[in-house]
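All remarks here apply to the structure that follows.
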Amino acid sequence: MKEIVVISGKGGTGKTSLVASFAALAEKKVLADCDVDAADLHLVLNPKIGYREDFSGGKKAKIITEECIECGKCEEACRFEAIYYPDSENEIPCVNTIFCEGCGVCVRVCPVEAISFDDAVNGEWYISSTHYGPMVHARLGMAEGNSGKLVTIVRNKAREIAEKENLDFIIVDGSPGIGCPVIASIAGADLVLVVTEPTLSGQHDLLRASELAAHFRIPTVICINKWDLNPDIAKQIEAEAKERGIKDVGRIRYDTAITKAQIMRTSVVEYTGGAVSEDIKQVWRNTIYALG
Amino acid sequence: MKLAIASGKGGTGKTTIATNLTATLADMGKTVQLLDCDVEEPNCHIFLKPRLESSTIITTPLPEVDEEKCTGCGICAEVCEYGAIAVVKGKVLIFPELCHGCGACEMFCPEDAITEIGREVGIVEEGRADGFRFIHGLLKIGELMSPAVIHAVKVAGGESEIVIIDSPPGTSCPVIEAVKGTDFVVLVTEPTPFGLNDLQLAVGMGRVLGIPFAVAINRSDVGNNDVKEYCQREKIDVILEIPDDRKIAEAYSRGEMIISAVPNYRELLETCWERIIDIHQNWES
Chain G
965 MKEIVVISGK
975 GGTGKTSLVA
985 SFAALAEKKV
995 LADCDVDAAD
1005 LHLVLNPKIG
1015 YREDFSGGKK
1025 AKIITEECIE
1035 CGKCEEACRF
1045 EAIYYPDSEN
1055 EIPCVNTIFC
1065 EGCGVCVRVC
1075 PVEAISFDDA
1085 VNGEWYISST
1095 HYGPMVHARL
1105 GMAEGNSGKL
1115 VTIVRNKARE
1125 IAEKENLDFI
1135 IVDGSPGIGC
1145 PVIASIAGAD
1155 LVLVVTEPTL
1165 SGQHDLLRAS
1175 ELAAHFRIPT
1185 VICINKWDLN
1195 PDIAKQIEAE
1205 AKERGIKDVG
1215 RIRYDTAITK
1225 AQIMRTSVVE
1235 YTGGAVSEDI
1245 KQVWRNTIYA
1255 LG
Chain S
369 MKLAIASGKG
379 GTGKTTIATN
389 LTATLADMGK
399 TVQLLDCDVE
409 EPNCHIFLKP
419 RLESSTIITT
429 PLPEVDEEKC
439 TGCGICAEVC
449 EYGAIAVVKG
459 KVLIFPELCH
469 GCGACEMFCP
479 EDAITEIGRE
489 VGIVEEGRAD
499 GFRFIHGLLK
509 IGELMSPAVI
519 HAVKVAGGES
529 EIVIIDSPPG
539 TSCPVIEAVK
549 GTDFVVLVTE
559 PTPFGLNDLQ
569 LAVGMGRVLG
579 IPFAVAINRS
589 DVGNNDVKEY
599 CQREKIDVIL
609 EIPDDRKIAE
619 AYSRGEMIIS
629 AVPNYRELLE
639 TCWERIIDIH
649 QNWES
């Protein structure tokens, strides 16, 4: 069983569209949408939710107004500016749950035990069936943190399913950037595929994303989407990748069919038999080859 | 006026709007600064080509144990909610990547054996672009704590008549850090199912934070009408529509400003700014 994670550095380069096509092309696989703070894969794969569970990213502090003696120690100790005074009439503080990082310092410094500290529910994760196979996905609550922990749950569940059902591939849709959720998505994976575009921004972000993968010693390949938008930069990116020992698994041409497929809620390779689908199929074949 | 340019979905055109709007405002004679808070993948410098004048290392607090004072009592591990400290056979082990720098271990160590040292998580660079101050942050590769670097960029920014913030994509902690404390948020999207879904998440975030916001639709003629219908239903103003244009895409790919490649965009952005001011003034929470 092999786990492939699709990331991009820069957002909007076509990760999810590519993963949806891989879902249609790969046999014996489980899909995992690890872009938990802006999950989109479900819009194409139309999952039927079979199991759901609450996600708690940690605890949150809450001030018990009746017990508070207005000493101000909690506000002084909080490093996240999460304690404020909503009422100008008195000094009873309140916790801003968006800024609260659940460190518990306020709970411990409160001399009268006036702060409760319970697991906060800040998301949900699902095991679903799709006509492409099983899928694990999640929803992070509005303005919530700790996406890395939720990503790890999604990946672990996908792995359990792959092991139980003896599947060949875990295909992971990652998030943009190089921070917490991306690190949680790629750590320990068999292969990272970085999807980029032939723009200076795409090039810049690809380099940082591939440095991140190298930092965690994960084999990395790249693919240039919409390569014909700027063939010169596409060539430059490929040359740079080669210099860094990163294999290139192919180019995908610019085609409005990619947007149209999304609107029809289907994968590109199912939507059109055109040249762009051939490009994607080639990318998938090369990706499997790169997995060894 | 502190204005954040954000989006749920990545690659919708935040950086394009942030850089071109800032340059347009500077040309109008306004005192403006641009803060690139997408510290994981900052791109504004590619378009603005600023002269960078200074660079500051950003650190977060990390505990360090004085082994002579430490008795191995384990209280530091007990009070750490992030699992960043373990005490094994009387010896304290620290996992720096998991530390949030809350200070609990230092505060509650009964032997006073913990001090905090600075751990490098990124850098902030400051300089000048054509007619305005420019600041951006770069998260160190392999680090998790982008909010710390974003916070540092915003602190470096200080006060100015207008501050434009280019936010990272998404709706979780890094975005909250970039957007909090701003007066207005422009949510950039695309008229596609992904664009709509992620816009809905971003609108939810705007509402939770209680910050006035409006929507900009990029590549406005490529998909379907669902984004506009959604905005109408929710009574959200659409303040800017940029049609799909190969000239824009190509200029973008070369790192060129849209207002230079397609000059009539200047006027569009001026109108967009007027609308932001207007909506902000009349906003009822």
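Sequences listed follow chains G and S, in order.
One gets this note's numbering by counting positions in the first sequence from 1 and adding 964 to each.
One gets this note's numbering by counting positions in the second sequence from 1 and adding 368 to each.
Note that CB positions come from ideal geometry on N, CA and C, so glycine has one too.
As the structure is a prediction and not an experimental result, all values here were calculated from the model.
- Taking 8 Å as the cut-off between beta carbons, the residues of the stretch 1181-1202 of chain G near chain S are L1193, N1194 and I1197, in sequence order.
- Between I616 of chain S and V583 of chain S, the beta carbon gap of about 19 Å keeps them out of contact (Cβ cut-off 8 Å).
- Selection S:I426, S:G591 and S:Q401 evaluated against G526 of chain S yields S:Q401 as nearest (Cα-Cα).
- Sequence-distant partners of I1147 of chain G (beyond 5 residues in either direction) whose C-beta falls short of 8 Å from its own C-beta, in its chain, are G1112, L1176 and F1180.
- M1106 of chain G has no beta-bridge partner at all, per DSSP.
- Under DSSP, K1012 of chain G takes part in a beta bridge, and its partners are G:S1093.
- Within chain S, the residues I509 and G510 have their CB atoms less than 7 Å from the CB of L1176 of chain G, given in chain order.
- Those residues of the stretch 608-642 of chain S placed with their C-beta closer than 7 Å to a C-beta in chain G are A617, E618, Y620, S621, R622 and G623, ordered along the chain.
- Residue environment analysis places N411 of chain S among the buried positions, since at least 16 neighbouring C-beta atoms fall within 10 angstroms of its C-beta.
- Residues of chain S with a Cβ closer than 9 Å to the Cβ of I1147 of chain G are, in chain order, E465, G510, E511 and L512.
- Boundaries of the alpha helix (DSSP H) around D646 of chain S: Y633 to Q649.
- Under the DSSP definition of a beta bridge, P1098 of chain G partners with G:S1093.
- N586 of chain S has S:I610 as its beta-bridge partners, per DSSP.
- Using a Cβ-Cβ cut-off of 8 Å, L577 of chain S is close to I1062 and A1107 of chain G, given in chain order.
- Taking the C-beta atoms as reference points, D1004 of chain G is found no nearer than 8 Å to T539 of chain S.
- In terms of beta-carbon proximity, K522 of chain S stays away from the interface with chain G, with every pair separated by 8 Å or more.
- In this structure P464 of chain S is in contact with R487 of chain S, their Cβ atoms being roughly 6 Å apart against a cut-off of 8 Å.
- At least one CB atom of chain S sits nearer than 8 Å to the CB of T1223 of chain G.
- Of all alpha-carbon atoms in G:I1216, G:Q1226, G:E1034 and G:G1256, the one lying nearest the alpha-carbon of E1242 of chain G is that of G:I1216.
- 8 Å or more divides the Cβ of R1229 of chain G from the Cβ of S1174 of chain G.
- The C-beta of A1122 of chain G comes no closer than 8 Å to any C-beta of chain S.
- Under DSSP, D1219 of chain G forms no beta bridge with any residue.
- With a cut-off of 8 Å on Cβ pairs, the stretch 506-526 of chain S is in contact with the stretch 405-419 of chain S, counting three or more such pairs.
- The Cβ atoms of I1150 of chain G and I1182 of chain G lie closer than 8 Å to each other.
- When the Cα atoms are used, A1205 of chain G and V1115 of chain G turn out to be separated by approximately 28 Å.
- Looking at the DSSP output, V1059 of chain G shares a beta bridge with G:I1047.
- Close to chain G, meaning a Cβ-Cβ distance shorter than 7 Å, are the following residues of the stretch 535-552 of chain S: P536, P537, G538, T539, S540, C541, P542 and I544.
- Look at R1043 of chain G: its C-beta is under 8 Å from a C-beta on chain S.
- Rounded to whole angstroms, the gap between the alpha carbons of F581 of chain S and E652 of chain S is 11 Å.
- Secondary structure of T424 of chain S (DSSP, three-state): strand.
- Across the structure, D566 of chain S and K596 of chain S are spaced so that their CA atoms are roughly 14 Å apart.
- The closest CA to that of E1039 of chain G, considering only G:L989, G:F1063 and G:A1221, is found on G:F1063.
- CA-CA distance, L569 of chain S to D999 of chain G, rounds to 13 Å.
- For L1164 of chain G, the closest Cβ of chain S is nearer than 8 Å.
- For V1247 of chain G, the closest of G:S985, G:K1121 and G:S1092 by C-alpha to C-alpha distance is G:S985.
- Distance from the CA atom of P631 of chain S to the CA atom of L637 of chain S, rounded to whole angstroms, is 11 Å.
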